[in-house]
Every structure is written in structure tokens, then in C-alpha cells.
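Colleague: One structure follows; several queries about it will come next.
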Amino acid sequence: MKTRSISYVGIITLTSCLSFSVIAETTSQVYVQASEGSFNNAAINQLYTKINQQRPNYVFSGTPLQTFTAAETHSAFAFTALENSTIKGNLVQATLKAIQEYKVTEVKAAIRTPIEMCLLRSKTDVSAKQVLIQIASHPAALKQIDKWKSQYNALEELSIPKGTAEAARMVATGELLSGTGAIGACMLEDLYPQLVVTEKSIQDNKDNRTLFALMKLTKRDLPISEKRANKELREVILKSEKLNID
1 MKTRSISYVG IITLTSCLSF SVIAETTSQV YVQASEGSFN NAAINQLYTK
51 INQQRPNYVF SGTPLQTFTA AETHSAFAFT ALENSTIKGN LVQATLKAIQ
101 EYKVTEVKAA IRTPIEMCLL RSKTDVSAKQ VLIQIASHPA ALKQIDKWKS
151 QYNALEELSI PKGTAEAARM VATGELLSGT GAIGACMLED LYPQLVVTEK
201 SIQDNKDNRT LFALMKLTKR DLPISEKRAN KELREVILKS EKLNID
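Counting in full-length UniProt numbering, the sequence shown runs from 1 upward without gaps.
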């Protein structure tokens, strides 16, 4: 019985290795949701680090729908978020909308990873001991740090719909008021040397985890209903959970 169990585990491990080997052979370019320095960027980096394979060329493509469109057009893989533990119903709504227009034909790999929100400030402000007077980030990120914000009496908020990475860029290049901090992934300080992480893990939900998947897609002849897309996305999530390497 023990021998059979070991053999079974060995088969699963071998199958996983073969699957990841195929990833390396077929993904010279991957279309990634959001932008460089985003949580999506951090997640796909973790995926390739864990499977110990060279990272492909990332093409950051914006929304899930834009990402699906670009990936399908170039017969390539798309990497997007599927569900998040802090969202009501867990499904990422932007991905749900994309599923209405595109069908996932293959899930190649997946990773569920913690989303750690950090406060990034300009090194100039930090050196000058400038008081934090404003924070900038994606609207969704600003809604997930209420406990942290409560320590400030009058902290202004600036919504940046283009995303957390764009907020960091604007702080780094001095496009925003002195005293403005960006809320985003810690890796943004590597992307923008003008920034430094001054606080980590400031999100309300410390178990804020998101499931991401590497997928192939095909364009639908006609969009499907949200109800049907909901069902299909949940099926994709189930497949992704089986491939989750976290």
C-alpha cells in the first residue's frame, strides 16, 4: 500500500514536471494583465521562479479583456487574475467580463499568491522628513487599507484608475504633490529607484490572496451571458486549483 502511494505521488510529480516543461517550450511571450510593477507582474515572476524556468518576454496589456484580445490575436498565453479572497463572491469582475467574449481553451499553470500592499515614498521626501499628506493608488487598492488609513487625521486620497504601478511612477517622477505616497507592490521600488518602501503589509486582510492562471483562449462568435460566464470562470478556477504550485 505504501509503495503504491509513493508511486502515485511520483506520477503526479512527473506529470507536473512535464507540464511545466511544455510551458518553457511554448511560451516565449506571455501577455500579462495590468502593467510592469503590478501585483500581476509579481505573481508571474513567482510562478516562473517556483518552476525554475527562464521567464518569457512579458507584454503588459492592461485589463483582462485587453490581455485576452492580445494573447488570442498573437496565438500566445494570457496571464490574468481569476479570483481574490477579499472580493464579494471572490471572482475578479473584469476577468468575468472578459470570459463573456473569450473562452479559455487551456490552463497551463496557476499560482495563488498573497497580495502584500506597501507604502512607497520618494527618497527625496523621506530624506527631507516630509509628512505624508496624500496617497495615490488604484481605487480598489485604496479601499483595502482602511485600518492603516485610520492612523491619519486628514490623509487625502488620489484614485489612479490606470493602476498601482502608474501611481508609483507618478510619485517617482514628481508628477504629484510633495508628501504623496503610492500604495502598491513592494517590487515597485526596484522598478523606480527614486522610491523606497516605508511600510509593508498595510492591507486590512492579511490573508489577501489571489489566484492567477496562464491560459490559452479563443474568441467567441457571440458574447455569452454573465451567468454562463460565471459558471465557466468557476470551472477555470477549479482547473487552475489543480495546477496551483503555491
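Glycine included, each C-beta is placed from N, C-alpha and C at the ideal position.
Might you give, ordered along the chain, the residues of its own chain that have their beta carbon closer than 7 Å to the beta carbon of residue 204, omitting 5 neighbours on each side?
Modeller: One-based indexing of the sequence shown puts residue 204 at position 204. So the qualifying residues of the chain are 144, 145, 146 and 147.
Colleague: Considering Cα atoms alone, identify which of 54, 240, 103 and 194 is closest to residue 221.
Modeller: Looking up residue 221 in the sequence shown gives position 221. Ranking the options by Cα distance to residue 221, first place goes to 103.
Colleague: Got a sec? Which residues, its chain only, sit under 7 Å from residue 46 by beta carbon, not counting five neighbours each side?
Modeller: To locate residue 46, count along the sequence shown from 1; it is residue 46. Same-chain partners within the cutoff: 111 and 113.
Colleague: When the Cβ atoms of the stretch 225 to 237 are set against those of the stretch 77 to 97, are three or more pairs found closer than 8 Å?
Modeller: yes
Colleague: So, residue 208 versus residue 115, is the Cβ gap smaller than 8 Å?
Modeller: The sequence position of residue 208 within the sequence shown is 208, counting from 1. The sequence position of residue 115 within the sequence shown is 115, counting from 1. The answer is yes: Cβ separation under 8 Å.
Colleague: Tell me which same chain residues have a C-beta within less than 6 Å of the C-beta of residue 99, skipping the five on either side of it?
Modeller: Counting from 1 along the sequence shown, the entry for residue 99 is found at position 99. Only 229, 232 and 233 meet the Cβ criterion.
Colleague: Using a Cβ distance threshold of 8 Å, determine whether the stretch 118 to 127 contacts the stretch 174 to 185, with at least three qualifying pairs required.
Modeller: yes
Colleague: Taking residue 187 as part of the beta strand (DSSP E), name the residues at either end of that continuous run.
Modeller: Translated into the one-based positions of the sequence shown, residue 187 becomes position 187. Segment: none, residue 187 is in no beta strand (DSSP E) and carries neither H nor E.
Colleague: Does residue 108 pass the burial test, meaning 16 or more other C-beta atoms within 10 Å, or should it be called exposed?
Modeller: Position 108 of the sequence shown, counted from the start, is the residue given in the question as residue 108. In this structure residue 108 is buried. Its beta-carbon is surrounded by 16 or more other beta-carbon atoms within 10 angstroms.
Colleague: Should residue 175 go down as buried or exposed, given a rule of 16 or more other Cβ atoms within 10 Å for buried?
Modeller: Locating residue 175 in the sequence shown gives position 175, counting from the first residue. Counting Cβ neighbours within 10 Å, residue 175 comes out exposed, since fewer than 16 surround it.
Colleague: Measure the alpha-carbon distance for residue 246 versus residue 212 and round it to whole angstroms.
Modeller: Working through the sequence shown from its first residue, we reach residue 246 at position 246. Working through the sequence shown from its first residue, we reach residue 212 at position 212. Their backbone Cα atoms lie some 11 Å apart in a straight line.
Colleague: For the structure I just gave you, are there three or more beta carbon pairs, one from the stretch 53 to 64 and one from the stretch 26 to 36, closer than 8 Å?
Modeller: Verdict: yes, contact present.
Colleague: For residue 75, does the count of other Cβ atoms within 10 angstroms reach 16, so buried, or fall short, so exposed?
Modeller: Within the sequence shown, residue 75 is the residue found at index 75, counting from 1. Exposed, because fewer than 16 other Cβ atoms sit within 10 Å of the Cβ of residue 75.
Colleague: Whole alpha helix (DSSP H) runs in the stretch 23 to 98 with 4 or more residues, listed along the chain?
Modeller: Within the stretch 23 to 98, the complete alpha helix (DSSP H) runs of at least 4 residues are 39 to 50 and 64 to 73.
Colleague: Can you look up residue 209 in the DSSP assignment and give me helix, strand or coil?
Modeller: Counted from its first residue, the sequence shown places residue 209 at position 209. Residue state, collapsed to three classes: strand.
Colleague: What residue from 163, 196 and 192 has the CA that sits closest to residue 35's CA?
Modeller: Locating residue 35 in the sequence shown gives position 35, where the first residue counts as 1. Cα-wise, what sits closest to residue 35 is 163.
Colleague: Would you give the residue range spanned by the alpha helix (DSSP H) that residue 126 belongs to?
Modeller: Residue 126 sits at position 126 when you count from the first residue of the sequence shown. Counting along the chain, the alpha helix (DSSP H) containing residue 126 begins and ends at 123 to 127.
Colleague: Less than 7 Å between C-beta atoms, sequence neighbours within five positions excluded: which residues of the same chain meet that for residue 125?
Modeller: Your numbering for residue 125 matches position 125 in the sequence shown. Cβ neighbours of residue 125 beyond the five flanking positions: 178 and 179.
Colleague: In or out: residue 169 buried (at least 16 other Cβ within 10 Å) or exposed?
Modeller: For the purposes of this step, residue 169 is taken as the residue at position 169 of the sequence shown. Residue 169 is buried by the Cβ-count criterion.
Colleague: Tell me the residue span of the alpha helix (DSSP H) that contains residue 105.
Modeller: Locating residue 105 in the sequence shown gives position 105, where the first residue counts as 1. Not the alpha helix (DSSP H): residue 105 falls in the beta strand (DSSP E), residues 102 to 114.
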